[in-house]
Structures are given as structure tokens and as C-alpha cells.
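These notes concern the structure reproduced below.
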Amino acid sequence: MRTIKDHVKELFKDIPTSEHKELMMKDVIQNMEEKVSDLMFAGKFEEDAINKTIVEFGDIEDIKRELGTNTNNSPRRDRKNVSLQLGFSLWGSGLITALFVFINLYYSPDVIWFVYPVFAVLWWPLAMFYRWLGVK
Amino acid sequence: MVRSDIIRGHLDAIILRLIYEKDQYGYEISKEISLRTNDRFQIKEATLYAVFQRLERRELIESYFGDISHGGKRRYYKITKLGKAYFKETVEEWQEIKEIINIFMEGI
Numbered sequence: 003m004r005t006i007k008d009h010v011k012e013l014f015k016d017i018p019t020s021e022h023k024e025l026m027m028k029d030v031i032q033n034m035e036e037k038v039s040d041l042m043f044a045g046k047f048e049e050d051a052i053n054k055t056i057v058e059f060g061d062i063e064d065i066k067r068e069l070g071t072n073t074n075n076s077p078r079r080d081r082k083n084v085s086l087q088l089g090f091s092l093w094g095s096g097l098i099t100a101l102f103v104f105i106n107l108y109y110s111p112d113v114i115w116f117v118y119p120v121f122a123v124l125w126w127p128l129a130m131f132y133r134w135l136g137v138k
Numbered sequence: 004m005v006r007s008d009i010i011r012g013h014l015d016a017i018i019l020r021l022i023y024e025k026d027q028y029g030y031e032i033s034k035e036i037s038l039r040t041n042d043r044f045q046i047k048e049a050t051l052y053a054v055f056q057r058l059e060r061r062e063l064i065e066s067y068f069g070d071i072s073h074g075g076k077r078r079y080y081k082i083t084k085l086g087k088a089y090f091k092e093t094v095e096e097w098q099e100i101k102e103i104i105n106i107f108m109e110g111i
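As they're listed, the protein sequences go chains A and B. The first sequence begins at 3 in this note's numbering and counts up by one. The second sequence begins at 4 in this note's numbering and counts up by one.
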């Protein structure tokens, strides 16, 4: 029953690859093949049975929607990730700032230049902060 | 066949109900739906699998691999504790909705 398999592969080709997708495809193929053999048992020719099964499969959009939202992590994990990234950016920018302040005060205490690089570095945690606000 | 957009909103409950009774695999469920409704409602496979995916993500059902048939292992679905509780709640809600809608649908 090559055609069922090919047809399902064709249907699922726009859906991003994931473990869920593979599992579902296997499941769908198997159930459709069973339906085909049921229809053939009821007296249909193989081609008719396959066509009927394919037609009755319906609209792939439903599955796309479910699998699509599934590949983007769950909201809870998303939030945790963003919090982690915010934490990292705060630590990172803090350390860079400290380094610049140290270099500035140690090598050229007469000129206060460290604010310039620090200003640039601050965009990093600021961006992360707003992402964090967005997910919260 | 009836217009399916009204039924659509209750598909989760319909499928939960069937899995509540016993663990079943996909094709079994779609056959059972046609059988019980005398073919007045048939679920499309695409819709069915979308519902499975949703229910599984919400941890209302689980799946496991069962006996071998047609060259592979069948994937069975099983209701979880959370699923049972959710279904009971849905039933109560449905009773309520039914009464409300009936107020406006009956008597003319």
C-alpha cells in the first residue's frame, strides 16, 4: 500500500519535523491502511478503497495547527528560558561593566571613559528585560 | 450528515468519552463514532489526530504501543486521571448548556 504512505508524507511535508510528527505519521498511515483493508473486505477494489480513505482523511490544517504550536515549546518552558536569558544578560553585562570600570580607574583614572562602552553593553540586558516582560 | 461546526466544539468530550470506556486506537475510535451515531456523524481522520495531539498535550490522555497488526504496533490511547476529572466537569457543563439552549429552541 505504497500510495497511502506517499500520500501521508505529501500531506505532512509542510509540518516542521519533530518527534510528535513522526509518531503521528506512523499512526495515521497504519490506521488508514487498516481502513483500506476494511473497505476492501467490504467489497471495494483496492484503488477505490485507497481513494475513499484519502478523501475522507479531511483537512490537514487542523493537525498543522496542533503540531505547529507544539514545536514552539510550552509557555511555561518558554518563560523559564527567557528568565534564564535575562539572568545571563544581567550577569554578563555586570561583569563587562566591572571590567571596564576597573581598566578605566586603574590605567587612566583622570578620564572617565567607561560610560561609553557600558552604555552600549546595557542594551543587552534591556532587550532581554523587555522580552521577559513580553512573555510574562 | 449534520453541520459539523457545532459538534466540533465538543469533539474533545466525545473522544474522551470513548477512551474513558476503554483504551482504543485511532481507527477504532472513528469507527465507533460512525457506528454509534448511525453514520449521522463521521469524524475526519485529520480532525481526530489533531484532537489526540491536543488532548495529549493537555495531559488528558496518554498513548502507548499495543499489539502488532498490519505490519506495525498500534498506538493506543488511554485516559488519565486529569482526563477523567475534566470529562466529568464537561458533562456537568453540557447539562447546563443544554438546558439554557433548550429554553430558546423549544416550544415554537
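Beta carbons are placed, not taken as given, at the ideal position from N, Cα and C, and that holds for glycine.
- When rounded, the separation of the alpha-carbon atoms in Asp16 of chain A and Met27 of chain A is 13 Å.
- Assignment of beta-bridge partners to Arg78 of chain B by DSSP yields B:Phe68.
- Residue contact with chain A for Phe55 of chain B: present (Cβ-Cβ distance below 9 Å to some residue of chain A).
- Listed along chain B, the residues sitting closer than 7 Å to Gly60 of chain A by beta-carbon distance are Lys47, Glu48, Ala49 and Thr50.
- Bridge pairing for Tyr28 of chain B: B:Tyr79 [DSSP].
- For Glu12 of chain A, there are no neighbours in chain B by C-beta distance under 8 Å, as the nearest C-beta there is about 13 Å away.
- Taking C-beta atoms as the reference points, Asp15 of chain B and Tyr80 of chain B fail to come closer than 9 Å.
- Using a Cβ-Cβ cut-off of 9 Å, Gly75 of chain B counts as an interface residue toward chain A, since at least one Cβ of chain A sits closer than that to its own.
- Straight across, the Cα-Cα distance linking Leu13 of chain A with Val38 of chain A is about 18 Å.
- Of all residues in the stretch 74 to 97 of chain B, those with a C-beta nearer than 9 Å to a C-beta of chain A are Gly74, Gly75, Lys76, Arg77 and Arg78, reading in chain order.
- Listed in chain order, the non-local C-beta contacts of Ile32 of chain B below 6 Å within the same chain comprise Leu21, local neighbours out to five positions each way being set aside.
- By the Cβ test, the stretch 51 to 68 of chain A is in contact with the stretch 47 to 59 of chain B, since at least three Cβ pairs between them sit closer than 8 Å.
- With respect to the C-alpha of Leu124 of chain A, the residue from A:Ser91, A:Val103 and A:Arg133 having the closest C-alpha is A:Ser91.
- Excluding sequence positions up to five before and after Lys7 of chain A, its CB lies within less than 6 Å of the CB of Ile31, all in the same chain and listed in chain order.
- For Phe44 of chain B, no alpha helix (DSSP H) segment is defined, and its DSSP state is neither H nor E.
- Arg78 of chain B places its beta carbon less than 9 Å from that of Phe68 of chain B.
- Tyr28, Gly29, Tyr30, Glu31, Ser33 and Lys34: these are the residues of the stretch 11 to 39 of chain B whose beta carbon lies less than 9 Å from some beta carbon of chain A, given in chain order.
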